[in-house]
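Number of protein chains: 2
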Amino acid sequence: MTVVTEPAIETVTIDAVLSALADPVRLTFVRALDAAGDWTCGSDVLRETGVTIGKSTLSHHIKVLRDAGLIRTRVDGVRRLVTLRYDEVEGRFPGLLAMLR
Amino acid sequence: MTVVTEPAIETVTIDAVLSALADPVRLTFVRALDAAGDWTCGSDVLRETGVTIGKSTLSHHIKVLRDAGLIRTRVDGVRRLVTLRYDEVEGRFPGLLAMLR
DNA sequence: CGTACTGTTCGATCCAGATCGAACAAGGGA
DNA sequence: TCCCTTGTTCGATCTGGATCGAACAGTACG
Chain D
577 MTVVTEPAIE
587 TVTIDAVLSA
597 LADPVRLTFV
607 RALDAAGDWT
617 CGSDVLRETG
627 VTIGKSTLSH
637 HIKVLRDAGL
647 IRTRVDGVRR
657 LVTLRYDEVE
667 GRFPGLLAML
677 R
Chain P
577 MTVVTEPAIE
587 TVTIDAVLSA
597 LADPVRLTFV
607 RALDAAGDWT
617 CGSDVLRETG
627 VTIGKSTLSH
637 HIKVLRDAGL
647 IRTRVDGVRR
657 LVTLRYDEVE
667 GRFPGLLAML
677 R
């Protein structure tokens with residue numbers, strides 16, 4: 577539990593990425609993380625985006641984005657910090673993240 | 577009915593495109609149309625991709641892709657020919673179609 | 001004209017996934 | 001040691017969208 581892993585970027589498929597980005601809530605999160613450009617606390621993402629969902633739903637979306645290979649999670653005490661895997665995603669799917677802005 | 581219109585490329589949003597491409601059947605169709613590179617009959621798309629769905633479902637997917645701005649439909653007698661709006665989509669979302677291959 | 005073929009539309013069904021709440025885990029601070 | 005906060009997990013619920021079949025529309029062809 578204390579370690580949160582994400583898939584290697586080579587194993588990330590565009591199919592999974594598209595499925596992950598098809599949800600409006602997750603798309604909002606990715607845009608916010610892109611704008612933040614830094615490690616961000618999960619609850620801060622909610623606050624900054626104004627999205628109102630339960631914390632279990634937030635946890636679900638974070639997991640989907642992580643499993644799709646788009647974000648990375650780091651444990652920081654009681655918090656989970658997340659960040660967009662910008663360089664890796666850009667390297668694998670050039671231009672994708674720019675399209676979302 | 578005899579005229580089938582698609583949205584102007586400037587009005588196409590990445591959100592709608594992502595939603596359209598999130599479905600595996602539609603993703604298969606887009607890849608097939610990309611490979612074909614030409615006007616293709618709807619039933620031919622089914623035959624070439626090996627996808628087995630009813631014709632009403634096919635009609636639904638074609639409409640979703642058209643409304644999302646990804647394909648264009650042309651009436652040819654009793655048939656409806658479809659084609660990928662390659663140049664326009666490439667112009668609006670550079671690199672997107674290449675990611676799907 | 002009638003038949004065959006392609007596709008649309010409509011209503012119904014079904015299901016994957018979004019959502020929630022409760023219970024639980026774990027760390028930080030008084 | 002409590003208690004508060006953050007987040008996960010699990011079960012249940014709900015809903016949007018994929019799917020189908022039947023009916024219909026339009027065209028080509030005999």
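Top line first, the protein sequences correspond to chains D and P. According to the working numbering, the first sequence is numbered sequentially starting from 577. According to the working numbering, the second sequence is numbered sequentially starting from 577. Glycine included, every Cβ here is placed at the ideal spot set by N, Cα and C. Source: prediction; values computed, not measured.
- A contact is defined here as three or more CB-CB pairs under 8 angstroms, and the region 663–672 of chain P fails this definition with respect to the region 601–621 of chain P.
- Taking the CA atoms as reference points, L646 of chain D sits about 11 angstroms from D610 of chain D.
- For the pair L597 of chain D and V579 of chain P, the Cα-to-Cα distance works out to about 32 angstroms.
- For a Cβ distance threshold of 8 angstroms, residue set P600 and L603 of chain P lies close to D591 of chain D, ordered along the chain.
- Using a Cβ distance threshold of 7 angstroms, R642 of chain D and T649 of chain D count as a contacting pair.
- In the three-state reduction of the DSSP assignment, I647 of chain D falls in the strand class.
- When C-alpha distances from D620 of chain P are compared across P:L676, P:R677, P:R656 and P:A674, the shortest belongs to P:R656.
- Remark: C-beta atoms of A592 of chain D and A674 of chain D do not approach each other more closely than 7 angstroms.
- As for any alpha helix (DSSP H) of minimum length 4 sitting wholly inside the region 615–674 of chain P, the runs are 618–625, 631–643 and 662–668, ordered along the chain.
- Taken through DSSP and simplified to helix, strand or coil, D591 of chain D comes out as helix.
- By the CB criterion at 7 angstroms, G671 of chain D and P670 of chain P fall inside the cutoff.
- One thing to note: V601 of chain P has its Cβ within 7 angstroms of the Cβ of H637 of chain P.
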